[in-house]
Each structure stands twice: as C-alpha cells, then as structure tokens.
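Numbering of the sequence shown is given in full-length UniProt numbering, commencing with residue 1 and proceeding in unit increments. Input: a single structure, listed below in structure tokens.
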Amino acid sequence: MAQTSFIETGQGRRLAYHRSEGQGPWLVFLGGLKSDMQGTKALFLEDWARRAGRAFLRFDYSGHGESSGSFGEGAIGDWAEDTREIVTALTDGAILPIGSSMGGWQALLLARAMPERIAGVVTIAAAPDFTEDGYWANFSAEQKAQLESVGQVELPSDYMEPYVISKRMIEDGRRQLVLRGPLELPFPVRFLQGTADTAVSTATALRLLDHAEGPDLHLRLVKDADHRFSDERCLSLITGAIEEVLAATG
C-alpha cells in the first residue's frame, strides 16, 4: 500500500491523505464521524478508481485516523474547513464528492461552499444536521444539563467506543445546518440509503430528497442494507451511482 502523505492547513492542522492521479472529475471520498480513510468503502473506491483510470482522493479529517488533533475537540465546521482546504490544495477542475454518513453532510456543505467545482454528488446514508436532529433533539433534560455543566456527554455506538459529544460540536453544528434553508444542487445527485440502517433513518433520506432542489436528484432505498453499506451488493451500487453521475456530466 502507498505511503500516507500529509498536508498542513491554514488552521495549522496536519491532514493525512492518499491521492492518485487520473481522469477527472476528481472523486473525493468523505468519510463518516470517527471513521478513517482506511475503511472498506474508501479502499474499495480507490482501487476501483485506479483501475478505471479515475483521479481519486481520500483523507482523514482532523481528529480522525492519522491526522492531527483530538476528535473530542473537533466539530462539523472544522471538518468542513479540512475538506475545503484539502480539495483546494490537492485537486483541480471538477470534483465529485462521495460522502458517507457525516461525510454526506460534508459533501452538501462542500457543494454549498464551492458549487462551481462540483460535477455531481453521491451520498451513502447521508446524515445532514444530525447534531441537531439526531443528538440535541433526543437528549434528555439530564444530558442537556450535563452538556451545559460538564461540556460533553458520551453516547453509545453500535460500531465502536462511545462518541464523546461536546457542547462546541452541538453549537457549531447549528451554524452548518443544510435542511433549514435553500439547498440548491444544480448537478446530478444520487442518494443511497439502506432500509436496515439503525444510525440514519429512511425518513432522513426522504427529508433530504424532499428539501433539496435540483434537476437530477435520485434516492435509492436498498432493502436490508445497514449503515455500513459495505457488502458486495452495496459497493456495486455505489460505483453504479458514481458511473451514473459521470455519464450525466458528459
């Protein structure tokens, strides 16, 4: 496997990445909360892109994987900064973000920040606004009081150690919301969502589809697929969605 490279951002964060040249638009994989660029989907898509001769970038947000920083000190806006900086520094021309879970939110933030660079978007179990609609909305009065007094709460995870959710993450998340105002996506978009996903509901996927505006938006619900969306069938659906977007861009 190729050696990890690093880039220093304008905010002083050291981000780890793997980058392979090829035909554009650049495929940029955006991972989920507490995930890293060594996950099944990221590695599979890198290999697929290399075999197809496609330009590909995967990286770790600050506080994730091999990048600098502590997860507990990070927030949605920090990771959006990381995404914009690394995309600007390491890619040129059109980009096609492929966002998984929290990375789906990041893909939408990227599309809002630099729409002129976006050829299309693919999301997998996208989780826009989850700090507000998933965490804050479901916190008990005790958890909200703890967040205020201690500055953080711990939430169990089905996939790893508990998430430490800080007061800063909740407050910063409110500045990054995409489902409260216009969400213009004037390019091909494919949303993928498993019906057996216990982390992101089909209702969230339908809300996103209903809220977003664009000429070519499609949601594919996959029966019995879970949040990982990483078995052979699901990986094939991801590459199929990418190919659809690429074909639509000409």
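Heads up, the beta-carbon is just placed ideally off N, CA and C, and yes, glycines get one too.
Classification of residue i by the beta-carbon crowding that lies within 10 angstroms, buried from 16 upward
{"i": "Gln23", "result": "exposed"}
{"i": "Ser67", "result": "buried"}
{"i": "Phe6", "result": "exposed"}
{"i": "Thr83", "result": "buried"}
{"i": "Lys223", "result": "exposed"}
{"i": "Arg174", "result": "exposed"}
{"i": "Gly250", "result": "exposed"}
{"i": "Glu46", "result": "buried"}
{"i": "Leu110", "result": "buried"}
{"i": "Ala107", "result": "buried"}
Residues near residue i in its chain [Cβ-Cβ closer than 6 Å; skip 5 each side]
{"i": "Asp129", "result": "Leu177 and Leu179"}
{"i": "Val153", "result": "Gln143, Gln146, Leu147 and Ile165"}
{"i": "Ile124", "result": "Ser100, Leu192 and Phe229"}
{"i": "Ser20", "result": "Arg50 and Phe56"}
Cβ neighbours of residue i in the same chain (closer than 8 Å, five flanking residues each side left out)
{"i": "Asp133", "result": "Leu179 and Thr204"}
Close beta carbons around residue i, own chain, < 7 Å, minus the five adjacent residues each side
{"i": "Gln11", "result": "Glu81"}
{"i": "Arg131", "result": "In the sequence as displayed, the identity of residue 131 is Thr instead of Arg. For Thr131, where only same-chain residues beyond five positions count, the Cβ hits under 7 Å are Ile76, Met169, Ile170 and Gly173."}
{"i": "residue 255", "result": "A query on residue 255 cannot be resolved here, the shown segment of the chain reaching from 1 to 250 and no further."}
{"i": "Leu209", "result": "Phe191, Leu217 and Leu219"}
{"i": "Pro162", "result": "Glu154, Leu155 and Pro156"}
Residues sharing a beta bridge with residue i, DSSP
{"i": "Phe44", "result": "For Phe44, which the question treats as bridged, DSSP gives no partner whatsoever."}
{"i": "Trp26", "result": "Ile95"}
{"i": "Ile242", "result": "Looking at the DSSP assignment, Ile242 forms no beta bridge with any residue, so it has no partner."}
{"i": "Glu148", "result": "The partner list for Glu148 (beta bridge, DSSP) is empty, contrary to what the question assumes."}
{"i": "His211", "result": "In the DSSP output, where bridge partners are listed per residue, His211 has none listed."}
{"i": "Phe59", "result": "Tyr17"}
{"i": "His218", "result": "Arg190"}
Integer Cβ distance of residue i from residue j, believed to fall under 8 Å
{"i": "Asp197", "j": "Asp226", "result": "6 Å"}
{"i": "Ala94", "j": "Pro25", "result": "4 Å"}
{"i": "Ala42", "j": "Gly120", "result": "That pair is no contact at about 19 Å."}
- Message: Between the stretch 23-33 and the stretch 93-107, can you find at least three pairs of beta-carbon atoms closer than 8 Å?
- Response: yes
Is the stretch 202-221 touching the stretch 184-193 in the sense that three or more CB pairs, one from each, lie closer than 8 Å?
yes
*With contact counted as at least three CB pairs below 8 Å, one residue from each stretch, are the stretch 191-202 and the stretch 222-241 in contact?*
yes
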